[in-house]
Every structure is written in structure tokens, then in C-alpha cells.
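Each residue of the sequence shown is one higher than the one before, starting from 113 at the first, in our numbering. Have a look at the structure below before the remarks.
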Amino acid sequence: KSASNPHQLFSIFSSLLSTPSPPQSSLAADDFAVFFNEKIADIRSSFMSTTTLPHSPISVPSPCFSTFSPLTDSDVSQLLLSHRPTTCALDPIPSSLLQTITPDILPYVTSLMNSLSSGCFPSSFKLAHITPLLKKPTLDPSVIQNYRPVSLLPFRSKTIERAASNQLSSFLSLNNLLDPYQSGFRPGHSTETALLSVSARISACLRDIQSWMDNHHLKLNP
């Protein structure tokens, strides 16, 4: 049942392995806010401080993806209803309720999502709920450097991202701009296809070596 559902498969393995939960941390939310902000500031300070970049003419490739296509009510409805109803603390209403009332608010949601065509992304959708997670269960939970931030985005934000991703992926696939060996972030591809591709190439190399050895064996033993 879980063969085609990686999330369910990992959940089953997690329950079987029974990984112990880390002990409760004494760190406060303000501690994490300061730590993550300082981490971002350090990364930014490592970049070039000058705002003047060397100018070089950029040739526009052909074909060129220059604008997003307007979405229809049908497109938006499919995006909303096919999305897993995960709810973030920043969502004004539960995602499942939003899906239930989709037929009533569809024209307004479509108008909002078509802001992509003008290059605008609603400011409220750029916010994320940050959850600190231990990098490994065995690390000391009292050491703040052992945590990494996980961003939980609002449901509406993820829906617009999926709309943009669908159009970009379609453009790249139709124009053969993706690497033929890319398996990640492509429909119909996964780690299984990557492993099969690598295994097939290794087998082909071994057959070539075997053929080469057989030919030399015949030459050395007339």
C-alpha cells in the first residue's frame, strides 16, 4: 500500500525503528530568533559589500520564459483541491475549510493567484512559521547550534508556488532544457530512476571491460 507513497513508507519505518524523542530543551523562542537572525546576518556579510556589479551583456536564450500564463478558475480549483491540506499557524482558516469553500471564493482566489502575471507576490505570503529541529536526535538539545530552522509556509503561498512551478517545469520539459539524467524534482522520476540509471551504466561498463578482457585473452592464447 505504501509502495507509491514515500511519506507513508517513511512513517512506517519511523514507527518500527521507534526513535526516542529528544529531551525537552530549556531554550526559549527568543533565543532561537536571535540565533537564526544572526546566522542569516553572518551569511549576508560574507557576500560582496559593494552594490556595483561589473556589467556584461547577457544574451537572451531562445526559447525564453518571460511571463507566467494567466490561470483559469479550473486551474486554480485543481491546484487547491489536489494539494494536501496542511495548515500553518499563519493561515487565517484551516486549509481543509478553504478547500471546502473553494467553489464560493474561486474567482477571488484566481484573481489573487494571477498576480504572478504582473510579477507580484503578496507580502503576507512571504512570511513563514519557523520551527527549530535538532539536526540529529543524538545531539545535545541544550546547545542552540545543534538546531536547524524549518520554515512552514501558508497554504495559499504553497499553492501559488505550485502554480509557478508547474509552468516552469512544463516550459523546461517542452523545450528539452532539463538534463536527461536529472531525477530530482521531475514528475515520473525519483531516487529509483536515478539508481536504475546508474546501475545500467555500471553494467554497461562491466560488459565493455569483460569484452575487452575476452579479446585480449584470445590474442594471448592463440
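A virtual CB, placed ideally from N, CA and C, is assigned to each residue, including glycine.
Opening and closing residue of the beta strand (DSSP E) in which Val-221 lies: As a position in the sequence shown, residue 221 is number 109, starting the count at 1. Val-221 -> not in any beta strand (DSSP E); alpha helix (DSSP H) instead, spanning 214–225.
Under the three-state DSSP convention, the category Ile-205 falls into: Mapped onto the sequence shown, residue 205 falls at position 93. Ile-205 falls in the coil class under three-state DSSP.
Distance cut-off 8 Å: Leu-218 Cβ against heavy atoms of the ligand NAP: No copy of the ligand NAP occurs in the structure displayed, which carries no ligand at all.
Rounded C-alpha distance that separates Pro-270 from Thr-212: Along the sequence shown, one-based indexing puts residue 270 at 158. Along the sequence shown, one-based indexing puts residue 212 at 100. Here residue 270 is Lys; the residue named in the question, Pro, does not match the sequence. Computed Cα separation, rounded: 18 Å.
Which listed residue (Asp-143, Phe-122, Ser-126) has its alpha carbon closest to that of Gln-257: As a first step, residue 257 is located in the sequence shown; it is residue number 145 there, counting from the start. When each option's Cα is compared against that of Gln-257, the closest is Asp-143.
9 Å Cβ cutoff met for Gln-322 and Ser-181: As a working mapping, residue 322 is identified with position 210 in the sequence shown. As a working mapping, residue 181 is identified with position 69 in the sequence shown. In this structure, Ser-181 does not lie closer than 9 Å to Gln-322 by Cβ.
Local conformation of Thr-243 per DSSP, three classes: As a first step, residue 243 must be located in the sequence shown, where it is residue number 131. Of the three classes helix, strand and coil, the one that applies to Thr-243 here is strand, per DSSP.
Opening and closing residue of the beta strand (DSSP E) in which Arg-260 lies: Position 148 of the sequence shown holds residue 260. Counting along the chain, the beta strand (DSSP E) containing Arg-260 begins and ends at 259–264.
Helix, strand or coil at Asp-252 [DSSP, three-state]: Position 140 of the sequence shown holds residue 252. Three-state result, Asp-252: coil.
Distance between beta carbons of Ser-207 and Thr-214, contact taken as under 8 Å: Against the sequence shown, residue 214 aligns to sequence position 102. Against the sequence shown, residue 207 aligns to sequence position 95. That pair is no contact at about 11 Å.
Top-ranked residue by Cα proximity to Ser-138, from Phe-125, Phe-297, Ser-254, Phe-148: Here residue 138 is taken as the residue at index 26 of the sequence shown, counted from 1. Nearest of Phe-125, Phe-297, Ser-254, Phe-148 to Ser-138, Cα basis: Ser-254.
Start-to-end residues for the alpha helix (DSSP H) that takes in Ser-137: One-based indexing of the sequence shown puts residue 137 at position 25. Premise fails: Ser-137 is in no alpha helix (DSSP H) and is neither H nor E.
Touch test, the segment 185–194 against the segment 215–232, Cβ-Cβ under 8 Å, three pairs minimum: yes
His-195 and Phe-267 closer than 9 Å at C-beta: If you number the sequence shown from 1, residue 195 lands on position 83. If you number the sequence shown from 1, residue 267 lands on position 155. Contact: yes.
Ser-311 versus Asn-117: straight-line alpha-carbon distance, rounded: Here residue 311 refers to the residue found at position 199 of the sequence shown. Here residue 117 refers to the residue found at position 5 of the sequence shown. If I take the Cα positions, the gap works out to 23 Å.
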